[in-house]
Structure formats: structure tokens, C-alpha cells
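Worksheet: one structure, shown below.
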Amino acid sequence: MDLINAVILGIIQGITEFLPISSSAHLILAPLVAGWKDQGVAFDLAVHIGTLLAVLLYFKNDVTNLIYDGFCSFQHRQFVGQGKILLLLIIATVPAALVGLLLMDLIDEQLRSVEVVFFTTLGFGLLLGWADWRPNQQRDLSSLRLKDALLIGIAQAFALIPGTSRSGATITASLLLGLSREAASRFSFLLAIPITALAASAKILEVASSDIHIDLLAFLVGGLTSFVMALTAIHFFLKWLDRFGMWPYVIYRIVLAALIYFIFLT
Numbered sequence: 003m004d005l006i007n008a009v010i011l012g013i014i015q016g017i018t019e020f021l022p023i024s025s026s027a028h029l030i031l032a033p034l035v036a037g038w039k040d041q042g043v044a045f046d047l048a049v050h051i052g053t054l055l056a057v058l059l060y061f062k063n064d065v066t067n068l069i070y071d072g073f074c075s076f077q078h079r080q081f082v083g084q085g086k087i088l089l090l091l092i093i094a095t096v097p098a099a100l101v102g103l104l105l106m107d108l109i110d111e112q113l114r115s116v117e118v119v120f121f122t123t124l125g126f127g128l129l130l131g132w133a134d135w136r137p138n139q140q141r142d143l144s145s146l147r148l149k150d151a152l153l154i155g156i157a158q159a160f161a162l163i164p165g166t167s168r169s170g171a172t173i174t175a176s177l178l179l180g181l182s183r184e185a186a187s188r189f190s191f192l193l194a195i196p197i198t199a200l201a202a203s204a205k206i207l208e209v210a211s212s213d214i215h216i217d218l219l220a221f222l223v224g225g226l227t228s229f230v231m232a233l234t235a236i237h238f239f240l241k242w243l244d245r246f247g248m249w250p251y252v253i254y255r256i257v258l259a260a261l262i263y264f265i266f267l268t
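One rule links them: number in the working numbering = place in the sequence shown (from 1) + 2.
What follows is the structure, given as C-alpha cells:
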């Protein structure tokens with residue numbers, strides 16, 4: 003892979019992975035627009051590792067507290083500190099993990115078309131806007147229940163369809179359940195850790211069990227670029243959250259859907 007391609011795709015993955023605009027849609031569209039070949043599973047692994055390390059670093063204190071409180075909760079057989087949140091994150095991960103395990107081949111073969119990306123980009127973008135517009139979003143993470151976590155997890159499973167956006171789907175579901183923007187976004191970012199780790203593990207197994215050639219330099223460049231850009235995207239997303247809400251991303255999705263329609267579907 004050309005290093006310029008690796009940098010550009012790393013930037014795209016890093017920025018779009020945690021913003022509610024769909025990294026999968028952009029990684030499908032970018033090669034089509036630029037006339038590049040598919041980046042391959044090894045490069046996908048690199049950028050997944052980059053974004054995983056970024057969210058782990060940014061939320062290192064939260065992750066440390068979750069693990070410690072989870073261990074204490076297990077030891078004392080009652081919730082301690084953030085132990086309940088850790089359990090809810092695990093529960094919310096299950097639907098997407100099961101769908102990915104059972105249907106990922108079908109999704110990759112049948113649902114990566116430009117038509118699907120157009121409809122999911124537009125439809126789930128409008129749904130995000132409606133969820134953000136609704137009033138009475140005051141719940142914090144401590145109010146989350148098992149049912150809430152399961153519904154957010156189901157939304158994350160839908161996000162396996164290209165163009166939906168994992169963060170967009172989980173934030174939308176959280177807002178519809180009455181969580182504040184800050185709580186919805188924080189839960190979404192923390193929820194990215196287990197599902198991204200599972201996705202990276204699956205790609206490691208795929209690479210290890212095949213004769214796929216790894217371009218080490220492109221691997222490192224793509225991973226480092228996605229890491230830096232993901233850190234930047236998370237920071238500014240949270241910094242501007244209360245000021246701008248979700249509407250900049252809703253407008254972006256509507257514009258992107260319009261471009262997809264006029265460039266590829268007319």
C-alpha cells in the first residue's frame with residue numbers, strides 16, 4: 003500500500019470512528035472516489051488497534067476505575083463504585099458480538115453497497131437529529147438499568163450495517179432513553195473498547211490463519227495516524243458537545259448522503 007494512502011485512510015478511520023458519521027461508510031466511499039484498491043484486512047487491523055489504543059488512553063482513568071470496581075464488586079458480591087457500569091458495558095456488548103459472529107460474512111457480502119450506505123447515512127442521521135432535539139435528557143450513567151444497556155447494545159448491533167455509525171447508533175439510543183448528551187457520549191466511547199477489541203481480535207485470527215502479506219510500514223503508519231486522529235476527534239467532540247450538540251454531524255450526514263446520491267446513484 004502507498005504510504006500516502008495509508009495516511010489518508012488512517013486519518014479517515016481515526017476521525018470517523020468516534021464521531022457519529024460512520025467510519026465504515028467513509029472507508030467504503032474513499033477508495034471508490036480515489037480509485038484505490040481495497041485496503042485489506044491487515045490494514046483494517048492496524049487502524050482498529052490505533053483507535054482502540056486512543057480510546058483506552060483518553061479514558062484511562064475511567065477504565066482503571068471500572069476494572070478495579072468490577073473486581074471489587076465480584077469479590078464482595080455487590081456493586082462497588084463503577085462495578086454496575088462495567089456489567090452494563092458487558093451486557094451492551096453482547097448483541098453486536100453475536101451478530102458479528104453469526105452474520106458478519108452476510109453483512110460484508112450483501113450490505114456494503116453504495117445504496118445501503120446512502121440510506122443508512124441519511125436515515126440514521128435524521129434519527130440522531132430527532133433524538134438530540136427531544137427535551138428531558140437529564141439521566142446520568144448511574145441511572146442506567148439492564149434494559150437500557152440491552153437496548154443500547156441492540157442499537158450497536160444495527161451499526162454493523164455500513165453507514166449507520168456505531169457511535170451514532172449508541173448515542174441515538176441513549177438519548178432516546180433520556181440520557182444527557184455527556185452521559186450518552188461517555189457510555190458510547192466506553193462501549194467502543196470491548197467491541198473494538200473483539201473486532202481487532204477477529205482480524206488478528208484472520209491474519210494469523212491465512213497467508214496475508216503484512217506491509218509493516220503501511221501497518222505502522224496507518225495505525226499511528228488513526229491513533230493520533232482518534233485522540234483528537236474524541237477530545238474536540240467532548241469539548242464542543244454542550245455547545246453544538248449533535249446537529250453538526252446530522253447536517254454533515256445529510257450533505258454526505260446528497261453527495262452519495264448525485265455522484266453514485268444518478
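Quick reminder that beta carbons are idealized off the backbone N, C-alpha and C, glycines included.
Just so it is clear, the structure is predicted and the values come from calculations on it, not from any experiment.
Report the three-state DSSP secondary structure of residue i (helix, strand or coil).
i, result
"residue 181", "strand"
"residue 141", "strand"
"residue 268", "coil"
"residue 83", "coil"
"residue 39", "coil"
"residue 125", "helix"
"residue 217", "coil"
"residue 75", "helix"
"residue 164", "coil"
"residue 4", "coil"
"residue 248", "coil"
"residue 23", "coil"
"residue 59", "helix"
"residue 147", "coil"
"residue 242", "coil"
"residue 188", "helix"
"residue 212", "coil"
Based on Cα-Cα distance, which residue from the options lies nearest to residue i?
i, options, result
"residue 133", "54, 29, 220, 182", "182"
"residue 241", "187, 29, 138, 161", "187"
"residue 145", "180, 131, 253", "180"
"residue 2", "129, 19, 204", "The requested residue 2 does not occur in the structure, where the chain is confined to residues 3 to 268."
"residue 230", "4, 5, 16", "16"
"residue 239", "203, 8, 18", "18"
"residue 44", "232, 201, 247, 14", "201"
"residue 120", "23, 219, 236", "23"
"residue 48", "235, 21, 101, 227", "227"
Tell me which residues share the same chain as residue i and place their Cβ nearer than 7 Å to its Cβ, disregarding the 5 neighbours each side in the sequence.
i, result
"residue 258", "123"
"residue 171", "126, 157, 158, 160, 161"
"residue 199", "54"
Can you tell me the Cα-Cα spacing of residue i and residue j, whole angstroms?
i, j, result
"residue 85", "residue 71", "5 Å"
"residue 118", "residue 29", "14 Å"
"residue 262", "residue 34", "11 Å"
"residue 189", "residue 82", "18 Å"
"residue 173", "residue 7", "30 Å"
"residue 52", "residue 140", "33 Å"
"residue 36", "residue 213", "27 Å"
Buried or exposed for residue i, going by 16 or more other Cβ atoms inside 10 Å?
i, result
"residue 111", "exposed"
"residue 155", "buried"
"residue 255", "buried"
"residue 222", "exposed"
"residue 46", "buried"
"residue 191", "buried"
Short of 8 Å in beta carbon distance, which residues of its chain neighbour residue i, apart from the five on each side in sequence? Order them along the chain.
i, result
"residue 113", "163, 164"
"residue 88", "68, 69, 71, 72, 75"
"residue 59", "233"
"residue 247", "134, 183"
What does a CB cutoff of less than 6 Å around residue i pick up in its chain, not counting 5 residues either side in sequence?
i, result
"residue 94", "151, 154, 155, 193"
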